[in-house]
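Q: Structure in structure tokens, see below.
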Amino acid sequence: MSNVDWVIKIANQVEAHVRRTKGEGATIVCASGISPSGPIHLGNLREVMTVHLVSEELRHRGWQVDHLHSWDDFDRLRKVPAGVSPDFQQYIGAPLAEIPDPFGEYDSYATRYITDFTQALEQLGVRPRYIRQSRAYRAGQYVEQIKRAMARRLEIFDILAEYQTLRADTVAERRSEYYPFRVYCQHCHRDTTRITSYEEATTRIDYTCDSCEYSGTFSLDERVEGKLVWKVDWPMRWSYERVDFEPAGEDHAAPGSSFVVGQRIVQGIYEAPAPQFARYAFVGMEGRTKISSSVGTTATVSSALTIIEPCILRWLYARRSNSQAFNIDYGQGLLRLYDEWDALERQIVAGKASETNQLAYNRSIKTTAGLVERTPLTAPFSLLTSVIDVTQGNMEQTLRIISQHLANGYSPEMLRGLLEPRLTCAMNWVTNYQPEDERTTIRDSFDAIAYEQFGEQERAGIRLLVERLDDAWSLEALTRLLYDIPKLVRGLPLDTQPDNALKQAQRSFFIALYTLLCGRDTGPRLPTLLLSLGRERVKCLLAPNGKAAIA
Ligand SMILES: [Zn+2]
Numbered sequence: 004m005s006n007v008d009w010v011i012k013i014a015n016q017v018e019a020h021v022r023r024t025k026g027e028g029a030t031i032v033c034a035s036g037i038s039p040s041g042p043i044h045l046g047n048l049r050e051v052m053t054v055h056l057v058s059e060e061l062r063h064r065g066w067q068v069d070h071l072h073s074w075d076d077f078d079r080l081r082k083v084p085a086g087v088s089p090d091f092q093q094y095i096g097a098p099l100a101e102i103p104d105p106f107g108e109y110d111s112y113a114t115r116y117i118t119d120f121t122q123a124l125e126q127l128g129v130r131p132r133y134i135r136q137s138r139a140y141r142a143g144q145y146v147e148q149i150k151r152a153m154a155r156r157l158e159i160f161d162i163l164a165e166y167q168t169l170r171a172d173t174v175a176e177r178r179s180e181y182y183p184f185r186v187y188c189q190h191c192h193r194d195t196t197r198i199t200s201y202e203e204a205t206t207r208i209d210y211t212c213d214s215c216e217y218s219g220t221f222s223l224d225e226r227v228e229g230k231l232v233w234k235v236d237w238p239m240r241w242s243y244e245r246v247d248f249e250p251a252g253e254d255h256a257a258p259g260s261s262f263v264v265g266q267r268i269v270q271g272i273y274e275a276p277a278p279q280f281a282r283y284a285f286v287g288m289e290g291r292t293k294i295s296s297s298v299g300t301t302a303t304v305s306s307a308l309t310i311i312e313p314c315i316l317r318w319l320y321a322r323r324s325n326s327q328a329f330n331i332d333y334g335q336g337l338l339r340l341y342d343e344w345d346a347l348e349r350q351i352v353a354g355k356a357s358e359t360n361q362l363a364y365n366r367s368i369k370t371t372a373g374l375v376e377r378t379p380l381t382a383p384f385s386l387l388t389s390v391i392d393v394t395q396g397n398m399e400q401t402l403r404i405i406s407q408h409l410a411n412g413y414s415p416e417m418l419r420g421l422l423e424p425r426l427t428c429a430m431n432w433v434t435n436y437q438p439e440d441e442r443t444t445i446r447d448s449f450d451a452i453a454y455e456q457f458g459e460q461e462r463a464g465i466r467l468l469v470e471r472l473d474d475a476w477s478l479e480a481l482t483r484l485l486y487d488i489p490k491l492v493r494g495l496p497l498d499t500q501p502d503n504a505l506k507q508a509q510r511s512f513f514i515a516l517y518t519l520l521c522g523r524d525t526g527p528r529l530p531t532l533l534l535s536l537g538r539e540r541v542k543c544l545l546a547p548n549g550k551a552a553i554a
């Protein structure tokens, strides 16, 4: 194929790797993993989407694919995220799965963030096999692998030491004291512990805790009170789960990073092949919004889904190469994003999309399990947001106006269903993200002072509009009338082609209308604005006492 995208390139590598290591017809294991240490962001979604899209490509080629997603909820809490009580400092060092939910709704800290993200993935049509590391470790699934790491701890130390600068005079001592396993203290539950001895025959571990000075003992054959250190834990699971592909953020791919060290450990200690790897670049948020100062670059996936349709969010990740960083615009750029998507759909329908665009589109709208949620009826997002803006979020009025706009015969009630989820996304965007100073404020009475300052032709135009309003109360007729009026008041034939003078006259007329309606010289498209306001209100704002006949 001449025109390949990044998903095809990675899938080709994984396929070749699997043919080499497992053979034709094997089940391919593609792994993603996230530590649920706080709200899960757009950047974390790239980990899962990268694996999901590659898995889907391989399924299309006929392979059995297992997308397994590890919740690293047996990791320690490293820092208390913004918005969580500072009292949670006391849990730093404890496993995420064994800390209470800061808001008292879930059975643990980890479950809160796992649930939020899992629901978002479900909406996106991404349904991996989930493994909670806290359960796998506690259930003893990895006990043989842990024993192996303990037995070969000096070799592991030597591999890690190659990538570190250690003081020569302390290496021998540190090597003899090194254990690749970190105990969670049975008394204070933190990982601030030191193993003081390990007996291979009985698997007995003795440790002391630096936080609470507790000294404890347990045998790995009885229970697993801790986990392998990250740089050993990762390759251990590659071997245990027979992982063929796992991506990671750019910081994991540098020399001495966990992937490089992990490759050595999986081959040297676990005698298994290292998986195929891909690094992916950062994804963040941008745009001027009502709440950008407090949200910063840390938008969650669930927040994105309140304003972006699931298939469009998938498209953002599918269309860009994994090595390319990007931001998702929560401000005015969101309106352009919807326009781009609608333009792509028109190209697809017309059969004019490029092969790359067609691929990205296909990856966005469906999976091998079915269709991804998508709005059945396309209405421009900017139309929805401007009507919602002007009607102050009144759903009944909004649907009535949209139905006049689209003029496709659907009643407002039928439209409601056909416009979802886009309609709710537009409502959420106007309500929660559009800055106050971009909102349209409608005047509550006729502005006589401004009216007196308009030129005679503007005033005549306004009188004419009020007179003819009743007969032109539809989107199409209002649009025509608004462009005709400057010609009528100048005595020009209606088929006059606009020259610069006429364009200027039209602009002055529109500014006069915006001034009387919104108190400023710009606003939503005038026909939309007029229909949104309703006839009576428009008349009150354009003429004293709502009457046209004034001198
Ligand atoms: Zn302790």
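Numbering (the numbering used here), first residue to last: 4 to 554.
In this text, a Cβ means the ideal position worked out from N, Cα and C, and glycines have one as well.
What three-state label does DSSP hand Q167 in the structure shown?
A: Coil at Q167, not helix or strand.
Q: Suppose contacts are defined by Cβ-Cβ distances below 8 Å. Is C428 in contact with T292 by that definition?
A: No, the pair does not count as a contact, with Cβ atoms beyond the cut-off.
Q: Looking only at its own chain, which residues have a Cβ that is under 8 Å from the Cβ of Y116, when we skip the five neighbours before and after it?
A: Answer for Y116: P39, S40, G41, P42 and I43, listed in chain order.
Q: Ignore the nearest five residues each way along the sequence and tell me which others in F262's own chain have a CB closer than 7 Å to its CB.
A: Answer for F262: A251, H255, A256 and F280, listed in chain order.
Q: Taking 7 Å as the cut-off, is the beta-carbon of Y217 closer than that to any non-hydrogen atom of ligand 1?
A: Yes, the beta carbon of Y217 sits closer than 7 Å to at least one heavy atom of ligand 1.
Q: With C-beta atoms as the reference, is W74 less than 8 Å away from A113?
A: Yes. Within cutoff.
Q: I'd like the list of long-range same chain contacts for F160, defined as Cβ closer than 7 Å, with 5 residues on each side in sequence excluded.
A: Correct list, in chain order: R178 and Y181.
Q: So E228 packs on Q189, CB below 8 Å; how close in whole Å?
A: Confirmed, Cβ separation roughly 6 Å.
Q: Pairing CB atoms from the region 347-367 with CB atoms from the region 321-333, are three or more of them under 8 Å?
A: Segments in contact, yes.
Q: Let me know the alpha helix (DSSP H) ranges lying completely inside the region 325-390, each 4 residues or longer, listed in chain order.
A: Listed in chain order, the complete alpha helix (DSSP H) runs (minimum 4 residues) inside the region 325-390 are 336-352 and 358-368.
Q: A139 lies in the alpha helix (DSSP H); which residues open and close that run?
A: Residues Q136 to R141.
Q: Using 10 angstroms around the beta-carbon of F512, count the other beta-carbons present and answer buried if the total reaches 16, otherwise exposed.
A: By the 10 Å Cβ count, F512 comes out buried.
Q: When we look at the beta-carbon of I452 and count the other beta-carbons within 10 Å, is it buried (16 or more) or exposed?
A: Classification of I452: exposed, given that the 10 Å Cβ count is below 16.
Q: In whole angstroms, give me the CA-to-CA distance for Y413 and W476.
A: Rounded to whole angstroms, Y413 to W476 spans 18 Å at the Cα level.
Q: Terminal residues of the continuous beta strand (DSSP E) containing Y436?
A: Segment: none, Y436 is in no beta strand (DSSP E) and carries neither H nor E.
Q: What first and last residue would you give for the alpha helix (DSSP H) that runs through Q67?
A: Where Q67 is concerned, there is no enclosing alpha helix (DSSP H), although the beta strand (DSSP E) it sits in stretches over Q67 to W74.
Q: What residue from E59, L422, V83 and R446 has the CA that sits closest to E312's CA?
A: Among E59, L422, V83 and R446, the Cα nearest to that of E312 belongs to L422.
Q: Tell me, please, whether the region 268-277 touches the region 231-238 by the rule of three or more beta-carbon pairs shorter than 8 Å.
A: With a cut-off of 8 Å, the region 231-238 and the region 268-277 count as touching, because enough Cβ pairs lie within range.
Q: Taking all protein chains shown into account, decide if Q403 is buried (16 or more other Cβ within 10 angstroms of its Cβ) or exposed.
A: A quick correction: the sequence has Arg, not Gln, at residue 403. Under this definition R403 is a buried residue.
Q: Going by C-alpha distance, which of H63, I134, T401 and R62 is nearest L533?
A: Minimum Cα distance to L533 is reached at T401.
Q: Counting beta carbon pairs with one atom in the region 480-490 and one in the region 459-470, are three or more of them shorter than 8 Å?
A: As far as the Cβ criterion goes, the region 459-470 touches the region 480-490, which means the pair count is three or higher.
Q: Is D440 buried or exposed, if buried means 16 or more other CB atoms sit within 10 Å of its CB?
A: The residue in question, D440, is exposed, as its Cβ has fewer than 16 Cβ neighbours within 10 Å.
Q: Where T444 and P438 are concerned, what is the direct C-alpha to C-alpha distance, given to the nearest angstrom?
A: Their Cα atoms are separated by approximately 13 Å.
Q: On a CA-only basis, which of T518, G537, R425 and Q92 is nearest L340? Give me that one, please.
A: Ranking the options by Cα distance to L340, first place goes to R425.
Q: Assuming R207 is part of the beta strand (DSSP E), what are its boundary residues?
A: R207 to C212 is the extent of the beta strand (DSSP E) around R207.
Q: Going straight from the alpha carbon of G458 to that of Q126, what length do you get?
A: Going by the C-alpha atoms only, they are around 55 Å apart.
Q: With respect to 7 Å, is the separation between the Cβ of S214 and the closest non-hydrogen atom of ligand 1 below this value?
A: Yes, the Cβ of S214 comes within 7 Å of a heavy atom of ligand 1.
Q: In whole angstroms, what separates the C-alpha of Y133 from that of T482?
A: Each residue's alpha carbon lies about 55 Å from the other.
Q: Regarding C188 and ligand 1, is the C-beta to nearest heavy atom distance less than 7 Å?
A: Yes, the Cβ of C188 comes within 7 Å of a heavy atom of ligand 1.
Q: With DSSP as the reference, identify every bridge partner of Y251, one or two as the case may be.
A: Note that residue 251 is Ala in the sequence shown, not Tyr. According to DSSP, A251 bridges with R282.
Q: How would you call T199, buried or exposed, if buried means at least 16 neighbouring beta carbons within 10 angstroms?
A: That one is exposed.
Q: Considering only the beta carbon of each residue, do P278 and E249 sit closer than 8 Å?
A: Yes, the Cβ-Cβ distance between P278 and E249 is below 8 Å.
Q: Do I148 and Y210 have their C-beta atoms closer together than 8 Å?
A: It should be pointed out that residue 148 corresponds to Gln in this sequence rather than to Ile. No, they are not a contact pair.
Q: Any idea what DSSP makes of A552, helix, strand or coil?
A: Summary for A552: the model assigns pLDDT 45, below 50, so the residue's position carries little reliability; its value from the coordinates is reported in the next sentence. DSSP places A552 in coil when its eight states are reduced to three.
Q: Quick one: Cα of S260 to Cα of F77, how far?
A: Rounded to whole angstroms, S260 to F77 spans 21 Å at the Cα level.
Q: Taking the CB atoms as reference points, tell me whether T195 and S218 lie closer together than 8 Å.
A: Not a contact, by the Cβ cut-off of 8 Å.
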